[in-house]
Every structure is written in C-alpha cells, then in structure tokens.
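Notes to accompany the following structure.
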Amino acid sequence: DELETQTIQGALLLRNGEVLEGAATRSGDRFNVQLRSGGQLRIPMTDVEFFGHDIGQIYQHLLARVEPKTADQFLQLSQWCFAKGMLTESAQCLLAVSRLDPHHPGVDRLEQRLRLLERHQHQVGGYPLKHEKQSWGRS
1 DELETQTIQG
11 ALLLRNGEVL
21 EGAATRSGDR
31 FNVQLRSGGQ
41 LRIPMTDVEF
51 FGHDIGQIYQ
61 HLLARVEPKT
71 ADQFLQLSQW
81 CFAKGMLTES
91 AQCLLAVSRL
101 DPHHPGVDRL
111 EQRLRLLERH
121 QHQVGGYPLK
131 HEKQSWGRS
C-alpha cells in the first residue's frame, strides 16, 4: 500500500463526514496526518472511510455511493459539499434533487443559501457558480 511506505499529500474522509487535508502516513492501525494548518493528528483507521488525493476525489467517492434515483441522498451530498465550500458540486447535486423531486422540502432552503453565496461572490469579485440562472428547474 502506497501510504505504508511514504507520506502522501491528500485528504482523509472520516466516517463522521469531516475531511482532514495534509500529509498522511499509515502507521500500523493509525494514520499520522500532518495538517496544512501545522498541527498533527493520529487517526485510528477505523475512523477513516476513504483516502483521496484531494477533496475532489472524496466528492467523487461519495457521489458514486449515491443511488441514482434517491433525492434524499443527493440532498445530503449537496449539504456536505456546501459545508466544505464546494459550491459548484453542491449546486449540481441540488439540481439532481430538483429533477428527481421538484417539491422536495429541503431544496428551497439550500437553494437560497447557494444563491446568497453566489451573490456575495459576485460582490466581492469571486467566481460564480457554474450553472445557469434557470437551471434549477423550478420557478
């Protein structure tokens, strides 16, 4: 295993949904993680769901687990992406929820949060979300 022999920059997805990014080395039944913030953690392997080279790879791992016709799972992934600052991915998952269940109760609240952040990004010169204004499939 690559992690047993060397330290690799990457991201650990913990079973509780949190992500740790930094340099990881596997040592026995633990991961030693040198965080980008400078701290160091020893994480039991039983607490780690997935190791990826970056948070994008973790997102792909989580997306692959979503059942294609399950609006609730897409909404959960959208909320996870939103919490991690992955706004484009959050919007894409929210669009999937809207297509599967246009009247899902969780869509409106998250859509409002995404739109507020998008407006804020425009005001401070950030990058807009990569979706069309009418892409939500709702009025």
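Its first residue numbered 1, the sequence shown is counted upward by one per residue in the working numbering.
Built from N, CA and C at the ideal position, the CB exists for glycine as well.
This structure is a prediction, so every number in the text was calculated from the model and none was measured.
Using CA coordinates, which residue listed in the options is at the minimum distance from residue i?
i      : options                          : result
Ala96  : Leu75, Met86 and Lys84           : Leu75
Gly106 : Gly85, Gln79 and Val33           : Gln79
His24  : Gln34, Leu62, Ala71 and Arg109   : Going by the sequence as given, residue 24 is Ala instead of His. For the residues Gln34, Leu62, Ala71 and Arg109, the minimum Cα distance to Ala24 belongs to Gln34.
Gly17  : Glu111, Ala64 and Asp47          : Asp47
Ile8   : Glu118, Asp101, His53 and Glu111 : His53
Phe31  : Gln73, Leu117 and Gln6           : Gln6
Gln57  : Ala91, Val19, Gly39 and Met45    : Val19
Ala91  : Asp29, Arg15 and Glu118          : Glu118
Pro102 : Asp29, Lys69 and Ser37           : Lys69
Ile55  : Asp108, Cys81 and Pro44          : Cys81
Gly28  : Glu111, Gly38 and Arg42          : Arg42
So residue i is in the alpha helix (DSSP H); what residue range does that whole segment cover?
i     : result
Thr88 : Leu87 to Leu100
Ser27 : That residue, Ser27, is in no alpha helix (DSSP H); its beta strand (DSSP E) goes Val19 to Ser27.
With a Cβ-Cβ cutoff of 7 Å, do residue i and residue j count as a contact?
i      : j     : result
Leu114 : Cys93 : no
His104 : Ala71 : yes
Tyr210 : Glu89 : Nothing about residue 210 can be read from this structure; the chain reaches only from 1 to 139.
Gly85  : Phe51 : no
Arg15  : Glu49 : yes
Quick one: using the 10 Å Cβ neighbour count with 16 as the cut-off for buried, is residue i buried or exposed?
i      : result
Leu12  : buried
Arg26  : buried
Glu67  : exposed
Ala64  : exposed
Leu116 : exposed
Gln73  : buried
Counting along the chain, where does the beta strand (DSSP E) carrying residue i start and finish?
i    : result
Gln6 : Careful: Gln6 lies outside any beta strand (DSSP E) and carries neither H nor E.
Task: Those runs of the beta strand (DSSP E) which lie wholly inside the region 26-89 and span at least 3 residues - done: 30-35, 40-44 and 48-52
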